[in-house]
Amino acid sequence: MSVFFRIRAKNSPHIPHKSHSILSIIARTLASSSSQTTHNKNKNKKPLSVLFEEVIGSREKAESDNESNSNDELKKGLKELELEVRNLKANAKVQKDSNINENVRLNVEREETKNVKKEETKNVKRLRLYSLFVNERRLKEEKKGMREKNEASVLKELSPEMEMFVSHLYKEGYFKKANFLSDSLKMLDFSRFNDSYARDFVKFAAQQFAKDHQELAKWLSGSDLKKVALFGCPSLSRKNVFSAKQLRHYFEIEEDTVCCKCVLKDSCNFANESWNRQTKDLKLDAVMRIITLYALESVPPQLAVSDEVKASVHRLLKEIINLSRTTTT
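Going by the working numbering, the sequence shown opens with residue 52, and the numbers climb by one from there.
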């Protein structure tokens with residue numbers, strides 16, 4: 052038997068280490084059992100007469116001690132073999148589970164490393180965007196400060212036409228929320244309009260009036276409106292600039308025609324920029340925003356408004372007042 056296993060081991064293909072160990076144990080056990088059995092048979096041969104008597108039943112057949120011991124050894128060997136096979140299987144399972152756990156751990160570590168790198172990349176991008184935003188905001192604030200400084204001017208007394216317009220707004224109820232005016236006064240006190248807060252409230256009231264009376268726009272003098280449009284923008288703030296651009300768009304005036312001679316163009320962020328809206332309707336709120344600034348003389352000091360433009364503004368204010376009275380009566 053041992054020769055057979057040696058021949059098989061020699062001629063068979065490569066057998067894994069675990070399988071080879073099991074086969075070796077089986078081979079040793081069988082070889083040992085075979086050798087021991089042969090030895091016991093030769094040593095404990097019974098006389099022929101005894102065998103005959105056992106066959107015919109005249110003598111009770113008894114198992115020899117050597118045969119019993121041989122069976123016990125065989126059983127013991129088989130148990131050891133079974134135990135070793137179980138141990139090998141258990142070790143193989145433990146090794147497999149260990150390999151799986153190691154792979155899982157490596158995958159988790161790779162995923163964590165990948166997530167950390169992604170988060171670092173996001174943080175770098177956020178930091179760059181934040182820096183750009185901060186620098187851009189700081190630049191805008193500096194430009195805004197320069198504009199406000201340029202636009203700062205000494206407040207002048209209201210012109211007769213502007214006093215007339217303010218009185219009309221007051222009668223129409225557009226100064227009800229003005230906390231700088233006293234309700235106990237029977238007449239409007241124009242001395243209360245000599246500060247920047249009151250002047251800003253006048254601009255606000257004029258805008259509200261324009262939104263409520265859009266229908267008046269089509270009746271305004273085209274020649275006076277065009278003179279105002281050709282003069283340019285009353286200030287550098289976005290709303291004021293684009294209101295002036297809207298007026299120029301209505302009269303089909305090229306931006307370069309106005310911007311090239313404007314004294315504010317070097318500080319303007321919207322020079323030569325066209326009005327991109329499709330509508331060509333004349334908006335009264337845009338008109339009021341422009342002529343109110345000219346009428347209040349709330350323009351940058353370097354912007355010298357011509358008498359011709361001032362006259363057009365005053366005529367437009369009178370037209371708006373008269374048209375408003377006509378439509379309400």
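Even glycine gets a Cβ: it sits at the ideal position worked out from N, Cα and C.
Report the three-state DSSP secondary structure of residue 352 (helix, strand or coil). coil
Tell me whether the beta-carbon of residue 351 lies closer than 8 Å to the beta-carbon of residue 286. yes
Put residue 374 into one of helix, strand or coil per three-state DSSP. helix
Out of 318, 270, 317, state which residue places its alpha-carbon closest to the alpha-carbon of residue 373. Selected option, being the one with the closest Cα: 270.
Could you give the DSSP three-state label for residue 250: helix, strand or coil? helix
Close beta carbons around residue 233, own chain, < 8 Å, minus the five adjacent residues each side: 240
Starting from residue 310 and walking both ways along the alpha helix (DSSP H), at which residues does that stretch end? 306-310
Please state the DSSP three-state secondary structure of residue 153. helix
May I ask you to verify whether the stretch 333-348 touches the stretch 303-320, counting CB pairs closer than 8 Å and requiring at least 3? no
Please classify residue 282: is it buried, with 16 or more other beta-carbons within 10 angstroms of its beta-carbon, or exposed? buried
Outcome for residue 143 when other beta-carbon atoms lying within 10 angstroms are tallied against a minimum of 16: exposed
Does the beta-carbon of residue 296 have 16 or more other beta-carbons within 10 angstroms, so that it is buried, or is it exposed? Burial check for residue 296: the Cβ neighbour count within 10 Å reaches 16 or more, so the residue is buried.
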